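Numbering (the working numbering), first residue to last: 1256 to 1462. We treat Cβ as the ideally placed atom computed from N, Cα and C, and that holds for glycine. Note that the coordinates shown come from a computational prediction; the quantities given were computed from them, not determined experimentally. Before any comments, here is the structure.
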């Protein structure tokens, strides 16, 4: 999350135990969200196929941010890009209606123009890298969709050494951060993210 935080200035970050419903909905956070052009949720999510209105993001202390709370209470009118770096946040239900019902649609109603979300449980390191790359290259591409495709292709072709070099040279990662990623990479084959389960989970929907 620290690497992601550096992509934005000014920024507001709710980390771990701070990521509660009360902190998210208090007046200062609400004002900041209303003025934000990018919003990033790095928490887990759940999708209920039987009742998609029960979809939610997991917050701290076992709390939930539900579809209806987002739909009825969140206001992000200036948000150009909202990223849900979480499990199954991009799933929708369409069998009982002509409309798409899922967390992404709730965020669209709240004001987001484009939502990047995942279709299945995503490896945390892979999700962080593809999101970092998306933020880095987005100004050079005509749309979020095209930039996301480029970021996924980039992730797919990386070797472990490429990951570490990129973090040090282009993300100014600290020695501690690089060592932490290196330890994680030791758990993978090389190249670590060549399989589709790592790079193809994310989708971009919207303008």
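Check                                                                                                                                       : Outcome
Does DSSP classify residue 1258 as helix, strand or coil?                                                                                   : helix
Taking the continuous beta strand (DSSP E) assigned at residue 1453, which residues delimit it?                                             : Run containing residue 1453: none in the beta strand (DSSP E); it sits in the alpha helix (DSSP H), 1451-1454.
Exposed or buried, what is residue 1429 when buried is set at 16 or more other beta-carbons lying within 10 Å of its beta-carbon?           : exposed
Can you find at least 3 beta carbon pairs, one from the stretch 1318-1326 and one from the stretch 1367-1381, that sit closer than 8 Å?     : no
Under the three-state reduction of DSSP, which class applies to residue 1301: helix, strand or coil?                                        : strand
With DSSP run on the structure shown, which of helix, strand or coil describes residue 1415?                                                : helix
Can you tell me which of the three DSSP states residue 1461 falls into?                                                                     : strand
Pick helix, strand or coil for residue 1311, following the three-state DSSP scheme.                                                         : strand
On a CA-only basis, which of 1280, 1287, 1338 and 1291 is nearest residue 1300? Give me that one, please.                                   : 1338
By DSSP, does residue 1294 sit in helix, in strand, or in coil?                                                                             : strand
The beta strand (DSSP E) spanning residue 1373 covers which residue range?                                                                  : 1369-1373
Give me the residue from 1442, 1414, 1280 and 1410 with the minimum Cα distance to residue 1455.                                            : 1410
Residue 1435: which of 1415, 1450, 1260 and 1376 sits nearest, CA to CA?                                                                    : 1415
So residue 1279 is in the alpha helix (DSSP H); what residue range does that whole segment cover?                                           : 1276-1280
Just to confirm, are residue 1336 and residue 1399 a CB contact at a threshold of 8 Å?                                                      : yes
Go through its chain and collect everything with a Cβ distance to residue 1392's Cβ below 7 Å, but skip five positions before and after it. : 1402, 1405 and 1406
So residue 1337 is in the beta strand (DSSP E); what residue range does that whole segment cover?                                           : 1336-1339
Tell me where the beta strand (DSSP E) around residue 1321 begins and ends.                                                                 : 1319-1321
Put residue 1408 into one of helix, strand or coil per three-state DSSP.                                                                    : helix
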